[in-house]
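> Quick note: the sequence shown, position 145, residue 145 per the UniProt record's numbering, numbers continuous. We put the CB at the ideal spot given by N, CA and C, even for glycine. Before anything else, here's the structure in question.
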Amino acid sequence: MAIANQDEIEMQDVRLMLGTHAFHFDSRLPAGRIIAVSGPSGAGKSTFLNLLAGFERPDSGRILMHGADVTAAYPAERPVSVVFQDNNLFAHLDIFTNVGLGIDPALKLAAQDRRKISQALEKVGLANFERRMPATLSGGERQRAAFARALVRKRAVLLLDEPFAALDPGLRAGMAELLLGMHMETENTVIMVSHDPDEVRRIADYGVFIDKGAIVLAAPLTEYLAREDMPALRRFLHG
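Take a look at the structure:
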């Protein structure tokens with residue numbers, strides 16, 4: 001069996017059945033990159049992310065992150081943070097508390113932790129939003145708060161499931177810039193599901209294409225964009 005490179009995220013012959021849908025993922029992804037995951041609707045992109053996050057357990061195979069086998073690890077035990085398209089925040093908690101959950105789910109926060117929360121909110125453009133409730137924020141502001149929580153968690157891998165899909169084009173561009181800035185600051189690995197080819201070109205430096213429950217291409221972005229032999233990929237990139 002191959003030994004996992006500590007600078008890689010690896011799925012070794014991972015198989016999962018969900019109802020009548022079969023998924024098979026086998027790949028090595030480089031760490032420290034922004035990796036775009038695309039493919040037709042229902043191809044398995046969210047399932048791929050759920051396996052990495054620990055929300056789904058494979059029927060067989062192994063998942064390794066930075067040299068550690070996390071196949072049986074619970075989500076909280078994995079070196080990952082997750083930002084979804086929506087519903088990232090608890091509606092009954094203010095923004096400070098929502099972000100604080102990223103440090104300690106029991107909210108036992110020291111003075112240093114409280115400073116980190118305020119600093120993270122400032123970095124994402126939400127200074128003085130600590131006592132605001134999620135319902136009073138715009139969609140873009142709520143996503144910024146979710147990014148602030150990911151910042152304070154300081155996990156090596158950030159998983160994003162279409163995080164900008166519900167935002168208008170202007171907000172999408174701003175959030176993309178924020179994501180790039182966070183990535184450059186933390187040097188983390190970002191794995192982002194996206195249905196927007198322009199977003200992939202603008203943000204990513206590595207591409208993964210999933211079709212019919214399997215990874216059919218995982219390559220540096222220049223190679224990913226240049227492939228002419230995959231009709232589904234060409235349709236995604238060029239409409």
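1) Identify the continuous beta strand (DSSP E) that holds glutamine 12 and give its terminal residues.
2) Taking the alpha carbon of glycine 42 as the reference point, which residue from Asp69, Tyr224, Gly213 and Ala226 has its own alpha carbon closest?
3) Skipping 5 residues on each side, what residues in its chain have a beta carbon closer than 7 Å to that of phenylalanine 147?
4) Beta-carbon of glutamine 119 versus every beta-carbon of chain D: anything under 8 Å?
5) Residues bridged to aspartate 69 by DSSP?
6) Could you pull out every residue in the same chain whose Cβ sits closer than 6 Å to the Cβ of isoleucine 9, ignoring the five residues on either side in sequence?
7) Given a threshold of 16 other Cβ atoms within 10 Å of its Cβ, counted over all protein chains shown, does phenylalanine 236 qualify as buried or as exposed?
8) Report the three-state DSSP secondary structure of proline 231 (helix, strand or coil).
9) Given 8 Å as the limit, is there contact between the segment 197-213 and the segment 22-38, that is, 3 or more CB pairs closer than that?
10) Take the Cβ of residue 240 as the centre, count every other Cβ of all protein chains shown within 10 Å, and call the residue buried at 16 or more, exposed below.
11) Which class does arginine 28 belong to by DSSP, given the choice of helix, strand or coil?
12) Sort Asp94, Glu77 and Arg172 by Cα distance to threonine 136 and report the nearest one.
13) Taking the beta carbon of threonine 222 as the centre, do at least 16 other beta carbons fall within 10 Å, making it buried, or is it exposed?
14) Which one or two residues does DSSP pair with residue 252 in a beta bridge?
15) Do threonine 47 and proline 58 have their C-beta atoms within less than 8 Å of each other?
16) Taking glycine 100 as the reference, give the member of His21, Glu77 and Val152 with the closest Cα.
17) Starting from the C-beta of arginine 172, find all residues in its chain whose C-beta is less than 6 Å away, skip the five residues before and the five after it, and write them out in chain order.
18) Put phenylalanine 23 into one of helix, strand or coil per three-state DSSP.
19) Where does residue 324 fall in DSSP's three states?
20) Taking valine 216 as the reference, which of Asn88, Asp229 and His92 has the closest Cα?
21) Return helix, strand or coil for methionine 192, following the three-state DSSP convention.
22) Please specify which runs of the beta strand (DSSP E), each continuous and at least 3 residues long, are wholly inside the segment 70-126, giving them in chain order.
23) State the beta-bridge partners of proline 220 as determined by DSSP.
In brief:
1) Segment 8-18, the beta strand (DSSP E) holding glutamine 12.
2) Comparing alpha carbon positions, the residue from Asp69, Tyr224, Gly213 and Ala226 closest to glycine 42 is Gly213.
3) Excluding sequence neighbours, phenylalanine 147 sits near Val83, Val124, Leu178 and Met182.
4) Of the protein chains in this structure there is only one, and it is not chain D.
5) Note: aspartate 69 sits in a beta bridge opposite Leu64.
6) A distance below 6 Å between beta-carbons, with the five flanking residues on each side excluded, links isoleucine 9 to the following residues of its chain, in chain order: Leu29 and Met65.
7) Buried.
8) In the three-state reduction of the DSSP assignment, proline 231 falls in the helix class.
9) Because the criterion of three Cβ pairs below 8 Å is met, the segment 197-213 and the segment 22-38 touch.
10) The question about residue 240 has no answer, for the chain in this structure spans 1 to 239.
11) Here arginine 28 sits in strand by DSSP.
12) Of the listed residues, the one whose Cα sits closest to threonine 136 is Asp94.
13) Residue environment analysis places threonine 222 among the exposed positions, since fewer than 16 neighbouring C-beta atoms fall within 10 angstroms of its C-beta.
14) A query on residue 252 cannot be resolved here, the shown segment of the chain reaching from 1 to 239 and no further.
15) Here threonine 47 is not near proline 58, since their CB atoms are 8 Å or more apart.
16) A check of alpha carbon separations from glycine 100 across His21, Glu77 and Val152 identifies Val152 as the nearest.
17) So the qualifying residues of the chain are Phe164.
18) Residue state, collapsed to three classes: strand.
19) In the structure displayed, the chain extends from 1 to 239; residue 324 sits before or after that span and is not available.
20) Distances from the alpha-carbon of valine 216 to those of Asn88, Asp229 and His92 put Asp229 closest.
21) Methionine 192 sits in a strand when the DSSP states are folded into three classes.
22) Here the runs fully enclosed are 80-83.
23) In the DSSP output, where bridge partners are listed per residue, proline 220 has Tyr206.
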